[in-house]
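Heads up: the structure comes next, in structure tokens.
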Amino acid sequence: EAGVAQSPRYKIIEKRQSVAFWCNPISGHATLYWYQQILGQGPKLLIQFQNNGVVDDSQLPKDRFSAERLKGVDSTLKIQPAKLEDSAVYLCASSQGLAEYNEQFFGPGTRLTVL
Amino acid sequence: AQSVTQPDIHITVSEGASLELRCNYSYGATPYLFWYVQSPGQGLQLLLKYFSGDTLVQGIKGFEAEFKRSQSSFNLRKPSVHWSDAAEYFCAVGFDKIIFGKGTRLHILP
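Those protein sequence lines, which keep their order, are chains A and B.
Residue numbering for the first sequence follows our numbering, starting at 1 and increasing by one per position.
Residue numbering for the second sequence follows our numbering, starting at 116 and increasing by one per position.
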């Protein structure tokens with residue numbers, strides 16, 4: 001079974017530029033998550049989708065971050081404009097359903113460096 | 116407020132020695148509890164989880180964790196570590212949303 005795919009793996013941009021990350025979850029997984037992991041910290045949930053609807057985006061900085069999952073499969077996370085403090089690893093995860101006991105499977109992440 | 120504390124940022128043990136990684140949580144009720152491992156350049160992998168029942172939980176790769184309600188703890192243990200166990204370990208708690216601790220980086224001495 002293929003795992004969660006993310007691209008690109010690495011991205012370096014200058015502040016005020018925009019950037020987009022892509023995630024392809026495990027086939028059949030209805031729930032998709034985007035996490036931000038700053039160096040030295042644990043992952044922090046940015047947004048959670050159930051199919052193509054948003055379940056939780058309470059910690060998403062909506063003035064600069066946006067995410068979509070139009071067909072309930074792939075998802076993109078965008079930052080526009082980027083700030084220095086956005087430097088982090090962005091992790092995508094998926095699970096079969098909404099229930100917390102559904103194991104989340106994580107992708108390898110995209111490491112973003114903002115200069 | 117809900118929180119997870121992993122008091123040890125780094126831990127170093129010799130290969131073959133036993134391991135215990137500490138995790139304490141603050142939550143309104145007994146939450147679901149998880150331990151994840153993250154190897155360099157890899158995503159997080161679930162080691163084990165506790166929802167209810169037996170407070171000693173067995174996981175993958177020879178890991179186990181014990182839930183102690185009175186101490187609000189969920190410590191991870193392994194009787195004999197291998198060099199391949201060197202990684203970062205995250206404790207997480209939650210119900211509708213998972214909150215991760217800051218992680219403990221495990222170093223293994225040959």
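Ideal Cβ positions, reconstructed from N, Cα and C, are used throughout, including at glycine.
What you are looking at is a predicted structure, and each value in this text was computed from that prediction instead of being measured.
Expected contact under 8 Å - CB spacing of residue i and residue j to nearest Å
i        : j        : result
B/ILE213 : B/PHE149 : 7 Å
B/LEU224 : B/GLU130 : 7 Å
A/GLY107 : A/LEU84  : Not quite, the Cβ-Cβ distance comes to about 24 Å (not below 8 Å), so this is no contact.
A/VAL4   : A/ALA93  : 6 Å
B/GLY216 : A/GLY109 : The pair is not a contact, with the Cβ atoms about 18 Å apart (cut-off 8 Å).
B/SER185 : B/ASN139 : With 8 Å as the limit, B/SER185 and B/ASN139 do not qualify as a contact, their Cβ atoms being about 12 Å apart.
B/TYR151 : B/PHE205 : 5 Å
Proximity test, residue i beta-carbon vs the ligand ZN heavy atom, cut-off 7 Å
i       : result
A/ILE12 : In terms of ligand content, the structure shown is empty, and the ligand ZN therefore cannot be addressed.
Contact set for residue i: own chain, Cβ-Cβ below 6 Å, skip 5 residues either direction
i        : result
B/HIS125 : ARG220
Per-residue burial, residue i [other beta carbons within 10 Å of its own, 16 or more giving buried]
i        : result
B/TRP198 : exposed
A/LEU46  : buried
A/VAL54  : exposed
A/GLU14  : exposed
Host beta strand (DSSP E) of residue i (start-end)
i        : result
A/TRP22  : 19-24
B/LEU163 : 159-165
A/TYR35  : 31-37
A/ASP56  : 53-56
At least three beta-carbon pairs within less than 8 Å, the segment 192-205 of chain B to the segment 166-182 of chain B: yes
The segment 35-52 of chain A contacting the segment 60-69 of chain A, beta-carbon criterion three pairs below 8 Å: yes
Segment contact flag, the segment 199-206 of chain B with the segment 28-36 of chain A, C-beta cutoff 8 Å, min 3 pairs: no
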